[in-house]
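Protein chains in written order, with the numbering used here: chain A, 36 to 635; chain B, 36 to 635. Virtual Cβ for every residue (Gly too), placed ideally from N, Cα, C. Notes follow once the structure below has been shown.
2 protein chains.
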Amino acid sequence: MASFETSRLLSKRDLDFVLYEWLNVESLLSRPRFADLDRATLDGVLDTAARIAADHFAPHNRKADMSEPTFEDGRVKMIPEVAAALDVFRDAGFFSGAQDYALGGLQLPNVVERAAFAWFQAANIATTAYPFLTLGAANLLKAHGTTAQIDAFVRPMLEGRFFGTMCLSEPQAGSSLGDIRTRAAPQDDGSYRLYGTKMWISGGDHDLSETIVHMVLARVDGAPEGVRGISLFVVPKHLLDDKGDPDARNDVVLAGLNHKMGYRGTTNTLLNFGEGAYRPGDRAGAVGWLVGEANQGLAAMFHMMNEARIGVGLSAAALGVTGYLHALDYARHRPQGRPASAKSPETPQAPIIAHADVRRMLLAQKAYAEGALALNLYCARLTDDEATAADPEARADARLLLDMLTPIAKSWPSQWCLEANSLAIQVLGGSGYTRDYPVEQFYRDNRLNPIHEGTHGVQGLDLLGRKVVMQEGAGLRRLQRLIDMTAQAAADGEFHLLGRALGRANARLGQAAALAWKAGDPDRALANASAYLEAAGHVVIAWTWLEMGLACGDKVGDFYEGKRQAARYFFRWELPKVDLLFDLVERGDDAAFAMRDAWF
Amino acid sequence: MASFETSRLLSKRDLDFVLYEWLNVESLLSRPRFADLDRATLDGVLDTAARIAADHFAPHNRKADMSEPTFEDGRVKMIPEVAAALDVFRDAGFFSGAQDYALGGLQLPNVVERAAFAWFQAANIATTAYPFLTLGAANLLKAHGTTAQIDAFVRPMLEGRFFGTMCLSEPQAGSSLGDIRTRAAPQDDGSYRLYGTKMWISGGDHDLSETIVHMVLARVDGAPEGVRGISLFVVPKHLLDDKGDPDARNDVVLAGLNHKMGYRGTTNTLLNFGEGAYRPGDRAGAVGWLVGEANQGLAAMFHMMNEARIGVGLSAAALGVTGYLHALDYARHRPQGRPASAKSPETPQAPIIAHADVRRMLLAQKAYAEGALALNLYCARLTDDEATAADPEARADARLLLDMLTPIAKSWPSQWCLEANSLAIQVLGGSGYTRDYPVEQFYRDNRLNPIHEGTHGVQGLDLLGRKVVMQEGAGLRRLQRLIDMTAQAAADGEFHLLGRALGRANARLGQAAALAWKAGDPDRALANASAYLEAAGHVVIAWTWLEMGLACGDKVGDFYEGKRQAARYFFRWELPKVDLLFDLVERGDDAAFAMRDAWF
């Protein structure tokens, strides 16, 4: 099956470089949690992921796109290959790889689990979404649930028997969670009954698992308005019997499927809670249990959302990389035209990679996709430090940086790896626009990533409205200090110009935030938050590229030359864009702010 | 049918502004060719186009996307609404509106015909492609064909009885036309027999018309290699009987359909010429007739390609405008969240247009889409000057400008109105990603425009490699002089800062071209041609916006305030990007040029 070679999913060489030559993942192995692991085990996990991704996930990626799940007689029907692939995934232990031994896991570093996930995401983003959501829900419940909840729900999720979802949005409240209306009525036995409608729920229904564990935001009757009255509940699709196996249906009903432009293999659902379909009369109401404290649900849910945001960024990066590798392969083998200096029709046509403009499009994809992948693996590495660094200060430092980087790690790959996929189409030309090649699907699939788990607009508000001001600016200062250290480390070598440019851009990262907030008016300060987010993302990716450039050291060979050239490309073609964006933020440009509804 | 209101296709108010308040189309009516027309007639034509577009083209836009044409028993099957819509289009006279009285036309100005087409393109780009290609083929044959060819083919095309295509690409030669292999064998009766395979032929087969007239590039046996050996032929799907009606099938066979990401309602075909299917044995060969001189085919075909390129730009703009209008409507009616300064959950949610970032996305769409539409109508206006200006110098001047602007008018809307459609999706959020709303289709449809009729790469080579150097730079100088006149006209008014910025950018437009060519090495000069194209496009659109800003004069009212604000937006958020691009071109940045295949 030539089209499902691992070499067109991700670059194993690049992944090794990021994990071992830059992020020094082997150094983690000296920590107690990872004492049983060695490099060969990590490599084995990643190689297994690559092989299963190529053999079981990639082959049905197009078929799932062409035959999206349907809603028949109240149930979801989908192609059988999805369940078959997830069986292999489950049997190989990928649901629990990073979990504690006590929960049946292997205690892999998170960064290795994430890298393994990237193989599956590159092969089939839609099928991978089911375990992705399940792990997010399991980790959330593990962090905030009771021992009984963990035993009842988390263990079967980590065995891949139960799948999970996150139920936040409602038809009248997408990004504005303070306006959700789903209500939870307390019962005498300590449980709750939930009533309401949840929208855009990925993986909200299917027959892939024994049951589905919904993590649901709702308001306990009498709770305060707004975000301060939101609680988190666990609501299974089926109630469990005495043995913990799924039994009668809970009152959660699939009301419809959304039909999307891409990501079609993942069911995206409208769910009704408590309409009485499965529990009529006075038994109506979806049975659920409070997770954590009442009215503290949003804070708990952010645990899952932050993990999901980095995961979204990683999936966008994986799609960017696979699109790039497909375009590269095409460009090397497709003859078309000749260089401007050798136009004689007597000569054979050259492969299109001979054209500088094609190399530009490939280099841009490489810079976007490998940069995004590296940043998201860096963030995954921070989650390992947060959990396992010996020093409590180092753990807090990792948390601070992760908070700071999350909106960027989510939004930047979603924006620029979508652009990478567009360039992959462009390299293939008319062929790229057809469904005979996979790049158009990557582009359609990737277009969701700037929307779900918080749009660019939401991430911009998070970065400029919360993260740069949190702890009186400590997160921003920490990030800036790290970036400056990298810039200084480059001062005397081949990348000294890049170091200087990064230092300048980094200074503006702080200055622009300060000037945006100078007047203290949040509406004005945040009016250009998206511009700030985009600029900050470019600074952070430039930093990532300079880090990778420095990690090449004095090593020789094509691979390292390519890394160095991609770093140069990003600094020459991309980083200079930040000045324009910082200009707009710093002077509080009011073009959009002053625009009136009636003027449109 | 609320979803097919004309107000969500194009803005009639904006179209009137461009045609009458900026381009002064009424002044054309004093020319002899247009003596029978008046403003009311032009308005009637445009209103009729808007009504037919909304009533007959828009309603099946989604259905045609969901039910793309199929290839069954050697024939194309498609939904019946396409033929029904084209019947109405034909009966209303839109095939011949701009043609000579002698050919059954109304002698409308081209700019009005193009504006009418924009209504159809906004409503249904795929169905509109059939008459679009037919008119292109008819105009080509009219310009280069014999009287007999015009009578036989052009007249029925302008009656909408025969449709047309352009057959350039072949499987082994997409953008590289010098490598086409289709051969034409001369016959004793003066006709030719053609043998070969043509790829990516839009409208290449269907049952929408009595027959199809293919305009085909091929090599007469013994012709020189490369572009100097290409001739143009007219090859009908059916041979014509003595009365000129389609009779026996010619030897042109539909070999397959391409399955695309968007633009699905337009058949896109692989055609085999001369394989003997319909004319077996020694009758094999597609019967065709030479158009114009042998070996001069490419120059003739450029007549059609240039027209098609401006048409592609216009269609991209029309999709940009309709996406913008849909997003605007959604933003005004969708409540979600509250401004940062008024977060109390007690207050009702605000329509999302209240958020500055949503207004930014709408303003960007307005700036891209209305700017692109205006530029393409300006180009259409130039075609009227080229054909009907009293003064021969004015005609030549219009030709020169049109040559200069064509690569920009094709590529800029294709790039930025695709971005506008992406922003339209973003405004709608999760809804925008579903097929319940049309914006995702606009985005998919529009993604073809950067590819067909010459990719961005091809347009960049055309602009920097041919147009800026043609006639020793006369075209570039002429364009720069016009832009400077606009900049100077703004010097003393409210837009003086915009005028200064445009003047500076315009200076770099010339300087960058000169520096790129300074060393005289075409490979190096053209290595960054795409960057030059993108920068030149931004300069030209900034010029267009300043022209529109000045055309507002001292008029008051919401519409004019919106135009002024969009002009300001483009100058603050977009025009500054050109400096980075010109920097790269001027210093001959070699990031992509020096990148080696093995380094990827």
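Remark: fewer than three beta-carbon pairs, one from each stretch, lie closer than 8 Å, so the stretch 309-326 of chain A and the stretch 496-513 of chain B are not flagged as touching.
At a cut-off of 7 Å between beta-carbon atoms, PHE617(A) makes no contact with chain B.
In chain B, no part has a C-beta under 9 Å from the C-beta of PHE477(A); the shortest such distance is about 11 Å. Considering only beta carbons, the part of the stretch 271-298 of chain B lying closer than 7 Å to chain A consists of ASN293, HIS294, LYS295 and MET296, in chain order.
Here LEU243(A) carries a coil assignment [DSSP, helix/strand/coil].
At a beta-carbon threshold of 7 Å, the residues of chain B lying near TYR468(A) are LYS295, MET296, ARG482, LEU483 and ILE486, ordered along the chain. Against chain A, the CB of PRO611(B) has a partner CB under 7 Å away; the residue lies at that interface.
For the stretch 347-378 of chain B, the set of residues with a beta-carbon nearer than 7 Å to any beta-carbon of chain A comprises LEU363, ARG367, GLN371, GLY372, PRO374, ALA375 and SER376, in chain order. At a Cβ-Cβ threshold of 7 Å, ALA455(A) and GLN400(A) count as neighbours.
In the structure shown, the three-state DSSP call for ALA290(A) is strand.
ASP240(B) is the residue among ASP82(B), ALA562(B) and ASP240(B) whose C-alpha sits nearest the C-alpha of ASN307(B). Residue pairing from DSSP leaves CYS452(A) without any beta-bridge partner. Boundaries of the beta strand (DSSP E) harbouring ASP282(B): 281-284, taken from the DSSP string. Look at the stretch 564-582 of chain B: the residues with a C-beta under 9 Å from a C-beta of chain A are ALA564, SER565 and ALA566. Between ILE87(B) and SER350(B), the gap from beta carbon to beta carbon reaches 7 Å or more. Listed along chain A, the residues sitting closer than 7 Å to THR490(B) by beta-carbon distance are GLN461 and GLY464.
Contact annotation: in the stretch 206-222 of chain B, residues whose CB is within less than 8 Å of a CB in chain A are GLN207, ALA208, GLY209, SER210, SER211, GLY213 and ASP214.
Not a single C-beta of chain B is nearer than 7 Å to the C-beta of LEU550(A). Among the residues of chain A, none has a CB under 7 Å from the CB of ARG48(B); the nearest is roughly 11 Å distant. Contact of ARG394(B) with chain A by beta-carbon distance below 7 Å involves ALA627 and MET630. At the C-beta level, GLU405(A) and ASP49(A) come within 7 Å of one another.
In this structure, LEU168(B) and SER237(B) form a Cβ contact; the two beta carbons are roughly 6 Å apart against a cut-off of 8 Å. Of the residues GLN371(B), ASP135(B), ALA415(B) and PRO380(B), the one whose Cα lies closest to the Cα of ALA389(B) is GLN371(B).
Here the alpha carbon of ASP242(B) sits roughly 7 Å from the alpha carbon of VAL111(B). LYS401(B) reaches chain A at PHE635, counting residues in chain order whose Cβ is nearer than 7 Å. With contacts defined by Cβ atoms closer than 7 Å, GLY171(A) and ALA343(A) form a contacting pair.
Contacts with chain B at 7 Å (Cβ-Cβ) include LEU398(A). Judged by DSSP secondary structure, TYR227(B) falls outside any alpha helix (DSSP H) and instead within the beta strand (DSSP E) spanning 227-237.
With a threshold of 16 other beta carbon atoms within 10 Å, TYR359(A) meets it and is buried.
Judged by their CB atoms, PHE188(B) and VAL248(B) are nearer to each other than the 7 Å cut-off. Looking at the DSSP output, CYS202(B) bridges to VAL251(B). With a minimum length of 4 residues, the unbroken runs of alpha helix (DSSP H) contained wholly in the stretch 154-228 of chain A fall at 160-179 and 190-193.
Residue pairing for SER131(A): DSSP places it in no beta bridge. Against GLU381(B), the close residues of chain A are GLU260 and GLY261, in the order they occur along the chain (beta-carbon pairs closer than 9 Å).
Taking the Cβ atoms as the reference, GLU61(B) lies roughly 6 Å from ARG74(B), within the contact range of under 8 Å.
The continuous beta strand (DSSP E) containing ASN307(A) extends over residues 303-308.
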